[in-house]
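For the sequence shown, counting from 1, position 194 maps to 220 in this note's numbering; every step adds exactly one. Backbone N, C-alpha and C define an ideal beta-carbon position, used for all residues, glycine too. Computed from a predicted model, the values in this text were never measured in an experiment. Each remark here refers to the structure printed beneath this line.
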Amino acid sequence: MMSIKYALLGFLSWRALTGYELKQLFAESAILSWSGNSNQIYTPLVELHKEGLVSVEVQPQEARPSRKIYTITEKGLATLKSWVLSTPEAPLQKNAFLLQLAWANQLTDEEVDALLQTYEEQVRIHLLVFREQVLRTDSPQRTLRETALWKMISENWISFYEKELQWIQKVREELVSIKRKQKEVRSCHDQAGDLSNNGM
Numbered sequence: 027m028m029s030i031k032y033a034l035l036g037f038l039s040w041r042a043l044t045g046y047e048l049k050q051l052f053a054e055s056a057i058l059s060w061s062g063n064s065n066q067i068y069t070p071l072v073e074l075h076k077e078g079l080v081s082v083e084v085q086p087q088e089a090r091p092s093r094k095i096y097t098i099t100e101k102g103l104a105t106l107k108s109w110v111l112s113t114p115e116a117p118l119q120k121n122a123f124l125l126q127l128a129w130a131n132q133l134t135d136e137e138v139d140a141l142l143q144t145y146e147e148q149v150r151i152h153l154l155v156f157r158e159q160v161l162r163t164d165s166p167q168r169t170l171r172e173t174a175l176w177k178m179i180s181e182n183w184i185s186f187y188e189k190e191l192q193w194i195q196k197v198r199e200e201l202v203s204i205k206r207k208q209k210e211v212r213s214c215h216d217q218a219g220d221l222s223n224n225g226m
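So, in structure tokens, the structure goes:
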């Protein structure tokens, strides 16, 4: 089952929700790492209903389309719990910038610095946006433990961006150190050449 289905079951284990409310939760969630179109939740919802994992109640509305309210079933709760208990996977490193950096030796020092600067700006923007999303995100707080878990998930994402900024600075420092060593080597070679010429 796709992870989007488990995310839907998770939200519905919190409370009964309409398709529109689920769409909003997906769009506004700070911790959900799903990057698809929020309109794509409706097909998985239909599949979850067919599988008996959620039930649907249709509420007619005057002068407006009927509301469909989705509720997780006992089978859905069992499926969600089974997935939560499954063996977690280690995170995958998918960072296109690292591939760019791998072939950056062909660039000038100025071009490498500009590349790092652009990447740093992107990371800072993502960190700022994420922090704002955390403040806006509606999260379940049924118990102190659940509140703490959601808080720690947010801190995990924030830590990632902060560590990435620290790493960028470390890359800069390493490049500066290499540049200084290269300059010292050239200086030694020049001095050795001068001594050789003077001895002739």
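What is the DSSP secondary structure of Ile184, counted as helix, strand or coil?
Ile184 falls in the helix class under three-state DSSP.
Checking 8 Å against the spacing of the C-beta atoms, do Thr173 and Glu54 come in under that value?
No; because the gap between Cβ atoms is not below 8 Å, this pair is not in contact.
Where does Ile98 sit, in a helix, a strand or coil, going by DSSP?
Three-state DSSP puts Ile98 in a strand.
Kindly identify the DSSP beta-bridge partner or partners of Thr44.
DSSP output for Thr44 lists Ile95 as bridge partner(s).
Hey, would you say Gly102 sits closer than 8 Å to Leu35, going by beta carbons?
Yes, Cβ-Cβ distance for Gly102 and Leu35 is below 8 Å.
Evaluate Ser105 with the Cβ neighbour count: other Cβ atoms within 10 Å of its Cβ, from every protein chain shown; 16 or more gives buried, anything less gives exposed.
With the sequence shown as reference, residue 105 is identified as Thr, and Ser is not the correct amino acid for it. Its Cβ being crowded by 16 or more others within 10 Å, Thr105 is buried.
If we count the other Cβ atoms within 10 Å of its Cβ and call it buried at 16 or more, is Ile98 buried or exposed?
It is buried - the Cβ of Ile98 has at least 16 other Cβ atoms within 10 Å.
From the DSSP output, which residues share a beta bridge with Ser8?
A question about residue 8 goes unanswered here, because the residues of the chain that appear run from 27 up to 226.
Less than 6 Å between C-beta atoms, sequence neighbours within five positions excluded: which residues of the same chain meet that for Glu181?
Excluding positions up to five away in sequence, the list is empty.
Could you tell me which residues DSSP pairs with Arg212 in its beta bridges?
In DSSP, Arg212 forms no bridge with anything.
Looking at the strands, I want to know which residues DSSP matches up with Val155.
DSSP output for Val155 lists no bridge partner at all.
Cα separation between Val110 and Arg168?
In a straight line, the C-alpha of Val110 is about 18 Å away from that of Arg168.
I need the DSSP call for Ser29, collapsed to helix, strand or coil.
It is helical.
Pull up the distance between the alpha-carbon of Val84 and that of Ser39, whole angstroms please.
Cα-Cα distance, rounded: 19 Å.
Starting from Gln87, trace the beta strand (DSSP E) both ways and give me its first and last residue.
Start and end: Val80 to Gln87.
Classify Tyr68: buried if its beta carbon has 16 or more other beta carbons within 10 angstroms, exposed otherwise.
Tyr68 comes out exposed.
Roughly how many angstroms separate the alpha carbons of Phe123 and Ile194, rounded to a whole number?
Straight-line Cα distance between these residues: approximately 11 Å.
Quick check on the burial criterion: 16 or more other C-beta atoms within 10 angstroms. Buried or exposed for Val149?
With 16 or more Cβ atoms within 10 Å of its Cβ, Val149 is classed as buried.
Starting from Glu73, follow the alpha helix (DSSP H) in both directions and report where the run begins and ends.
Taken as a continuous stretch (DSSP letters only), the alpha helix (DSSP H) holding Glu73 covers Tyr68 to Lys76.
Helix, strand or coil: which one does DSSP assign to Arg168?
Reduced to three states, the DSSP call for Arg168 is coil.
Measure the CB-CB distance between Ala33 and Phe156 and report whether it falls below 8 Å.
No. Outside cutoff.
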